[in-house]
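**Q** Protein chains in written order, with the numbering used here: chain A, 6 to 142; chain B, 6 to 142; chain C, 6 to 142; chain D, 6 to 142.
Have a look at this one before I ask anything.
There are 4 protein chains.
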Amino acid sequence: MEQPTDRFTTEVRVRYAETDQMGVLHHSRMFVLLELARTEMLRRHGLTYRQMEEGGWFLVISKASCTWKAPARYDDVLVIETRITRVTHTRIEHAYRVLRKFDGVLVAEAETTLACVDRGGNVQRIPDDLAKLLSSR
Amino acid sequence: MEQPTDRFTTEVRVRYAETDQMGVLHHSRMFVLLELARTEMLRRHGLTYRQMEEGGWFLVISKASCTWKAPARYDDVLVIETRITRVTHTRIEHAYRVLRKFDGVLVAEAETTLACVDRGGNVQRIPDDLAKLLSSR
Amino acid sequence: MEQPTDRFTTEVRVRYAETDQMGVLHHSRMFVLLELARTEMLRRHGLTYRQMEEGGWFLVISKASCTWKAPARYDDVLVIETRITRVTHTRIEHAYRVLRKFDGVLVAEAETTLACVDRGGNVQRIPDDLAKLLSSR
Amino acid sequence: MEQPTDRFTTEVRVRYAETDQMGVLHHSRMFVLLELARTEMLRRHGLTYRQMEEGGWFLVISKASCTWKAPARYDDVLVIETRITRVTHTRIEHAYRVLRKFDGVLVAEAETTLACVDRGGNVQRIPDDLAKLLSSR
């Protein structure tokens with residue numbers, strides 16, 4: 006399939022409840038922010054993930070990896086650059102770069118793979134118009 | 006209805022991810038621990054909340070309050086005393102005392118009210134055998 | 006002390022990770038959103054909570070209560086109205102109303118009391134200029 | 006350095022607040038459970054992570070990856086097998102297998118790399134006795 010090169014940027018501020026006693030964004034919360042970034046990217050494409058689920062298409066995470074480079078602290082605004090790196094019949098792969106806005110320092114680099122499943126959790130083909138939408142940029 | 010006086014005690018250790026940068030259990034996480042305590046209490050009664058949901062009975066929170074007295078820190082074992090203070094046809098009220106195990110200091114006192122609803126979110130009568138079970142002690 | 010009547014409104018979208026298997030915002034997460042609302046209110050006053058902590062003033066929660074009226078779902082935008090209802094030498098009280106933006110339905114009403122403490126957790130007087138700032142509107 | 010082959014097993018029950026509206030453990034929460042598993046492993050070695058932090062040694066995550074194989078649901082007991090796969094002067098690598106207890110199905114496989122830093126966040130050598138402790142099995 007044609008592979009996309011589109012890049013989407015979103016910003017999110019680190020919440021107090023997302024820090025831990027080391028004074029930084031707890032690493033598990035990074036995956037919440039990445040999810041936020043890719044669903045906002047979808048919204049920009051004119052589709053919400055909520056509509057997808059209502060239509061019977063669910064995206065479940067099958068793989069995720071992240072490398073941390075620098076800490077993100079409370080109240081830091083993070084800039085998350087998201088790219089779709091690969092779309093297959095049943096999977097969507099994203100790559101992310103997370104930067105601190107105030108100094109541009111790279112906080113993390115990450116990748117995720119989503120699988121498209123139905124209500125029962127069985128893998129299903131990504132709807133053609135979504136695949137097209139995601140691949141065409 | 007007859008009102009119960011039963012008391013149930015459970016212990017839970019504060020996780021690293023539950024702390025915030027002040028070095029204490031983030032207050033929002035206390036409500037997660039209270040939920041844990043009351044579902045463990047239910048399990049002791051021979052019923053799991055999972056079974057309740059599978060049977061079509063959902064307990065949703067309609068009211069919660071908490072007063073904090075002392076901080077709970079990472080790795081502290083908390084002792085949560087839970088009592089059912091009132092059972093009506095559609096509601097269950099719990100009261101909680103949370104103590105630090107190592108020194109017995111009172112960390113928090115809390116109360117919650119749960120409403121019984123169906124899959125559609127409409128209030129429904131608590132099943133008789135559950136009401137009896139909860140009220141009889 | 007003079008009591009404030011100021012009202013601040015902020016909006017926040019419910020994240021996927023904030024829902025639970027009942028398909029609604031988990032009740033514990035409401036307290037994270039209230040914290041967000043009151044710190045954004047502070048920012049509007051020209052002060053960030055981050056600066057307060059850096060200056061040695063910490064606001065810890067001493068009391069919180071919430072009544073839920075209607076569910077908030079994934080991707081719902083919530084409108085949080087925040088008022089400071091009382092400022093004493095060591096405490097700040099807030100009241101909140103949380104509404105669903107798309108239909109204006111009241112989701113929850115809540116109140117919190119914060120205590121001002123120092124790095125060691127000892128109650129300390131709220132700095133005069135902050136108290137003035139908070140009380141003068 | 007000598008490389009360890011030790012395996013540690015711990016069990017943890019999925020909390021309601023850890024599910025999302027798909028009815029499964031939200032993927033971000035898996036990393037919280039892995040952290041739990043490795044700190045419990047440390048405790049078994051006679052050391053707590055709390056003591057480490059008090060002594061000035063902090064372990065920060067520098068890399069994490071996870072592959073999900075099957076969903077974990079509310080109230081499922083998960084069996085987490087943890088192995089230390091590599092210890093260098095400044096890093097500790099763990100590998101994990103997460104299984105559902107009731108049917109033995111593999112839920113996820115994961116790997117993490119921790120870096121040892123001081124209070125200021127600067128990489129520091131892992132204390133010799135800890136390195137020895139971790140490597141000797």
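Ideal Cβ placement from N, Cα and C applies to all residues, glycine included.
For I97 (chain C), which beta-bridge partners are listed by DSSP?
**A** Paired residues: C:V92, C:L119.
**Q** Consider the Cβ of A42 (chain D): report whether some Cβ of chain B lies at a distance smaller than 8 Å.
**A** Not an interface residue.
**Q** Between the stretch 71–79 of chain C and the stretch 21–31 of chain C, do three or more beta carbon pairs fall short of 8 Å?
**A** Counting Cβ pairs under 8 Å, three or more are found: they touch.
**Q** Would you give the residue range spanned by the alpha helix (DSSP H) that L39 (chain B) belongs to?
**A** 32–49 is the extent of the alpha helix (DSSP H) around L39 (chain B).
**Q** Tell me E114 (chain B)'s beta-bridge partners as DSSP assigns them.
**A** E114 (chain B) is bridged to B:T72, B:R102.
**Q** Could you pull out every residue in the same chain whose Cβ sits closer than 6 Å to the Cβ of K68 (chain D), ignoring the five residues on either side in sequence?
**A** Contacts found: T118.
**Q** Listing by chain order, which chain A residues have their CB less than 8 Å from the CB of D25 (chain B)?
**A** By Cβ distance, chain A contributes Y21, A22, T24, D25, Q26.
**Q** Between L87 (chain B) and chain D, is there a C-beta pair that is closer than 8 Å?
**A** At residue 87 (chain B) the sequence reads Thr, which differs from the Leu that was named. No, T87 (chain B) does not count as interfacial toward chain D.
**Q** Below 7 Å CB to CB, which residues in the same chain sit around T53 (chain B) once its five sequence neighbours on both sides are set aside?
**A** So the list reads L47, once near-sequence residues are dropped.
**Q** Rounded to whole angstroms, what's the CA-CA distance from T95 (chain D) to A120 (chain B)? Just pull it up for me.
**A** Cα-Cα distance, rounded: 52 Å.
**Q** Please report the residue range of the alpha helix (DSSP H) in which R55 (chain A) lies.
**A** First-last of the alpha helix (DSSP H) with R55 (chain A): 54–59.
**Q** Taking buried to mean at least 16 other C-beta atoms within 10 Å of its own C-beta, is M6 (chain D) buried or exposed?
**A** With a pLDDT of 46 at M6 (chain D), under the threshold of 50, the modelled position of that residue is not reliable, and the figure given next carries that caveat. When all chains shown are included, M6 (chain D) counts as exposed.
**Q** Is the number of C-beta pairs between the stretch 129–136 of chain A and the stretch 59–67 of chain A that are closer than 8 Å three or more?
**A** Short answer: they touch.
**Q** Let's test the definition: count the other Cβ atoms within 10 Å of the Cβ of F107 (chain A) and tell me whether it reaches 16, buried, or not, exposed.
**A** That one is exposed.
**Q** Are the CB atoms of V37 (chain B) and A22 (chain D) nearer to each other than 8 Å?
**A** Against a cut-off of 8 Å, the Cβ pair of A22 (chain D) and V37 (chain B) comes out as a contact.
**Q** Do you know how far the Cα of A136 (chain A) is from the Cα of V19 (chain B)?
**A** Cα to Cα, the separation comes out at about 43 Å.
**Q** Tell me, which residues are paired with E16 (chain D) by DSSP?
**A** Answer is D:V84.
**Q** Within 8 Å of any Cβ in chain D, is that where the Cβ of G126 (chain A) sits?
**A** Taking Cβ atoms only, chain D reaches closer than 8 Å to G126 (chain A), which makes this a yes.
**Q** Using CA atoms only, rank isn't needed, just tell me which of C:R49, C:G60, C:L41 is closest to R124 (chain C).
**A** Here the closest residue by C-alpha is C:G60.
**Q** Which residues, taken in chain order from the stretch 54–84 of chain B, show a beta carbon closer than 9 Å to some beta carbon of chain A?
**A** Taking 9 Å as the Cβ-Cβ cut-off against chain A, the residues of the stretch 54–84 of chain B that qualify are R78, Y79.
**Q** Taking the C-alpha atoms as reference points, what is the distance between T24 (chain C) and Q26 (chain D)?
**A** T24 (chain C) and Q26 (chain D): Cα-Cα distance of roughly 6 Å.
**Q** Taking the alpha helix (DSSP H) that D133 (chain A) belongs to, which residues open and close that run?
**A** Counting along the chain, the alpha helix (DSSP H) containing D133 (chain A) begins and ends at 133–140.
**Q** Against R34 (chain D), what residues of chain A qualify as contacts under a CB-to-CB distance less than 8 Å, listed in chain order?
**A** What R34 (chain D) touches in chain A: S33.
**Q** Using a C-beta cutoff of 8 Å, does V37 (chain B) count as contacting chain D?
**A** It does; some Cβ of chain D falls within 8 Å.
**Q** Does any CB atom of chain A fall closer than 8 Å to the CB of L135 (chain D)?
**A** With 8 Å as the cut-off, L135 (chain D) does not count as an interface residue toward chain A.
**Q** Leaving aside the five residues before and after T44 (chain D) along the sequence, list all residues of the same chain whose C-beta is less than 6 Å from its C-beta, in chain order.
**A** Excluding residues within five positions, the ones whose Cβ falls inside 6 Å are Y54.
**Q** With which residues is F107 (chain A) paired in a DSSP beta bridge?
**A** Answer is none; F107 (chain A) lacks a bridge partner.
**Q** Apply the 10 Å Cβ neighbour rule to R5 (chain C) and answer buried if 16 or more other Cβ atoms are within range, or exposed otherwise.
**A** Absent from the structure is residue 5 (chain C), since the part of chain C shown begins at 6 and ends at 142.
**Q** Just to check my reading of the structure: T14 (chain C) and V84 (chain C) have Cβ atoms closer than 8 Å, yes? What is that Cβ distance to the nearest angstrom?
**A** That pair is a contact at about 6 Å.
**Q** If I measure Cβ to Cβ from R102 (chain D) and keep anything under 6 Å in the same chain, skipping five residues before and after, which residues do I get?
**A** Hits under 6 Å: E86, E114.
**Q** Let me check understanding here. Comparing Cα to Cα, which of C:S140, C:A75, C:G126, C:L139 lies closest to E58 (chain C)?
**A** Among C:S140, C:A75, C:G126, C:L139, the Cα nearest to that of E58 (chain C) is on C:G126.
**Q** Within 10 angstroms of the Cβ of R49 (chain B), are there 16 or more other Cβ atoms? Answer buried if so, exposed if not.
**A** With fewer than 16 Cβ atoms within 10 Å of its Cβ, R49 (chain B) is classed as exposed.
**Q** Compare the Cα-Cα distances from V122 (chain B) to each of B:M35, B:R91, B:G51, B:I97 and report the closest residue.
**A** V122 (chain B) has its Cα closest to that of B:I97, out of B:M35, B:R91, B:G51, B:I97.
**Q** Could you give the distance in angstroms between the alpha-carbon of V112 (chain B) and the alpha-carbon of L104 (chain C)?
**A** Each residue's alpha carbon lies about 32 Å from the other.
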